[in-house]
Amino acid sequence: MDPIEPMSFKKILDNKKSGVKPPAYLWQDLALKIERELHVPAFKRNSIFKVCRDYPRTVIERCLADTKELCTQGEQWKYFLKLVMLSDQVRSEARDGQPRKEPRS
12 MDPIEPMSFK KILDNKKSGV KPPAYLWQDL ALKIERELHV PAFKRNSIFK
62 VCRDYPRTVI ERCLADTKEL CTQGEQWKYF LKLVMLSDQV RSEARDGQPR
112 KEPRS
């Protein structure tokens, strides 16, 4: 048997693949997509990741599409988070069996 030659630390670092790790979960990829498209500031990044983790993908995608359609200027990320919270409120009311209150004209 031939003895194994030890590699230098520099060779180990040179052989290491550099690059961005892919997201571990699908919701992380969705959150990164939303962050890019809505220009989310750094201090609200965690909120985007939280809603993507906690809500179904269909709800998030519908809110994203509504945001792009309805909010053409201004801070779109604020509008997106309001839509997600509103969809949560509607969903909880439907679960409780309480009728939704219609706005008065």
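Position one of the sequence shown corresponds to residue 12 (my numbering), numbered consecutively onward. Glycine residues also receive a C-beta, built at the ideal position from the N, C-alpha and C atoms.
Nearest-angstrom Cβ-Cβ length linking V95 and C74, presumed shorter than 8 Å: 5 Å
Own chain, CB closer than 7 Å to D40, minus 5 neighbours either side, in chain order: P34
Proximity to R64 [Cα-Cα], best of E80, I45, K79 and D77: I45
Alpha-carbon to alpha-carbon, I15 and N26: 17 Å
Separation of Q100 from K89, as counted between CA atoms: 17 Å
Straight-line gap, Y66 to N57 (C-alpha atoms, nearest Å): 14 Å
Of the listed residues D77, G85 and Q84, nearest to S98 (C-alpha basis): D77
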